[in-house]
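Asks: Sharing a structure with you now.
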Amino acid sequence: MPINQLGGPILWHSIDYFPLVRVVQQTDERFSTILTKIGDGLQLSNDNISLIESRHKTQAWCKENVPDAVRLYYSNNEVDSYNRAAILNAYYCLAHDIVLSYSSEREKRQYQGKLHKMTVAETDGLPYLLPLAEGYTYMITSNIDVADGLVNGSIGVLRHIERQQSNVGDNSAEAGPSTSITSPAAREEIVTLWFELPEETTGTTAKVKCRPHVQSKPNTLSTNWVPVYKKIVNITLTKTI
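Structure below.
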């Protein structure tokens, strides 16, 4: 493919740009100065601290006045804690971990412990435990289809959680040695999450591919929703020599 056609015409035609005609910054000079001092690691005066604290709001106030505001936290653990408390009647989707190439049960447990301590950044943006509830806003944290606009950072509202019976038992996530044989029981599991995204052009290809399935369930699904399926990633837990 020629360099000037990198990514294909469809990807680039869907991109918009907005020229900046003026400098956008904090218009409150006093507050701007404080932010600069914080960024430079300088000590704040008592007046500076009082001004910052005057902007503090309680959780109850935020819940009533700005329920849709984005919360920023220092760590992913704090984000997970807030999400668990904020999402009511959530269904917790647990990742299925399959451990391969271990020599003993002790080694397998060590691998599992190491995996569960890894951050989302180390697992390709995929959390171990995901609270799901229809009507809440979610962000895609791992690229699905760049050309279709389903990329890390895309935000949409979860409209429907689709489930089906599957032969996945509670212990199926623990693949045994090559000599082991397991017979997992059938259970209901999540197969597809259906999102309503703000941009109609996002997920166009995905919506076309799933249209027959959507039309077979007119009372449940909408042609405006984008399907997101399960993703499988390989995570190396040992160093290769």
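Position one of the sequence shown corresponds to residue 18 (our numbering), numbered consecutively onward.
Built from N, CA and C at the ideal position, the CB exists for glycine as well.
1. Please report the distance separating the alpha-carbon of R176 from that of T240.
2. Which residues in the same chain as D187 place their Cβ atom closer than 6 Å to its Cβ, once the five residues preceding and following it in sequence are excluded?
3. Excluding the five sequence neighbours on either side, which residues of its own chain have a C-beta within less than 6 Å of the C-beta of P144, listed in chain order?
4. From K80 to M156, what distance separates their C-alpha atoms?
5. What would DSSP say about I69, mapped onto helix, strand or coil?
6. Out of P235, E213, G130, point me to the one whose CA is closest to P244's CA.
7. Beta-carbon separation of L254 and L132 under 8 Å?
8. State the DSSP-derived secondary structure class of G130, mapped to helix, strand or coil.
9. In this structure, how does DSSP classify V174 when only helix, strand and coil are distinguished?
10. So, does the stretch 69-79 touch the stretch 112-123, judging by three or more C-beta pairs under 8 Å?
11. Thinking V225 and E179 are a contact (beta carbons under 8 Å), I'd like their distance in whole angstroms, please.
12. Taking only the alpha-carbon atoms, compute the straight-line gap between S121 and E206 and give it to the nearest angstrom.
13. Excluding the 5 residues flanking P36 on each side, which residues of the same chain have their C-beta closer than 6 Å to its C-beta?
14. Roughly how many angstroms separate the alpha carbons of V250 and T53, rounded to a whole number?
15. Report yes or no: do three or more beta-carbon pairs, one from the stretch 144-154 and one from the stretch 89-106, lie closer than 8 Å?
16. What do you get for N51, buried or exposed, if any count of 16 or more other CB atoms within 10 angstroms of its CB means buried?
17. Kindly indicate which three-state DSSP category A190 falls into: helix, strand or coil?
18. If I measure Cβ to Cβ from N93 and keep anything under 7 Å in the same chain, skipping five residues before and after, which residues do I get?
19. In this structure, does DSSP put F48 in helix, strand or coil?
20. When the distance is taken between beta carbons, is V174 closer than 8 Å to T154?
21. Going by DSSP in three states, C110 sits in which element: helix, strand or coil?
22. As a quick exercise: from Q181, E216, E217, pick the residue whose alpha carbon is nearest that of Y246.
23. Quick check on DSSP: helix, strand or coil for S121?
Replies: Taking the coordinates as given:
1. Straight-line spacing of the CA atoms in R176 and T240 works out to 12 Å.
2. Any reading at D187 needs caution, since the residue's pLDDT is 46, under 50, leaving its predicted position unreliable; the model's value is listed next. Taken in chain order, the list of residues that qualify is empty.
3. Excluding residues within five positions, the ones whose Cβ falls inside 6 Å are V137.
4. Roughly 20 Å between the two C-alpha positions.
5. Helix at I69.
6. Of P235, E213, G130, the residue nearest in Cα terms is E213.
7. The beta carbons of L254 and L132 sit closer together than 8 Å.
8. Here G130 sits in helix by DSSP.
9. Here V174 sits in strand by DSSP.
10. Too few Cβ pairs lie closer than 8 Å, so no.
11. At roughly 18 Å, the Cβ-Cβ gap does not stay under 8 Å, so V225 and E179 are not in contact.
12. Using only the alpha carbons, I get a separation of about 29 Å.
13. If we look at P36 and ignore the five residues flanking it on each side, it has no Cβ neighbours.
14. Distance between the alpha carbons of V250 and T53: 41 Å.
15. In short, these stretches touch, since the Cβ pair count reaches three.
16. Reading off the sequence shown, one finds Ile at residue 51, where the question assumed Asn. With 16 or more Cβ atoms within 10 Å of its Cβ, I51 is classed as buried.
17. Residue placement at A190 cannot be trusted, given a pLDDT of 40 that sits under 50; what the coordinates show is reported in the next sentence. When secondary structure is reduced to three states using DSSP, A190 falls in the coil class, being assigned neither helix nor strand.
18. Answer for N93: T136, V137, listed in chain order.
19. Here F48 sits in helix by DSSP.
20. Taking C-beta atoms as the reference points, T154 and V174 count as a pair closer than 8 Å.
21. Three-state DSSP puts C110 in a strand.
22. From the listed residues Q181, E216, E217, the smallest Cα separation to Y246 is found for Q181.
23. S121 falls in the coil class under three-state DSSP.
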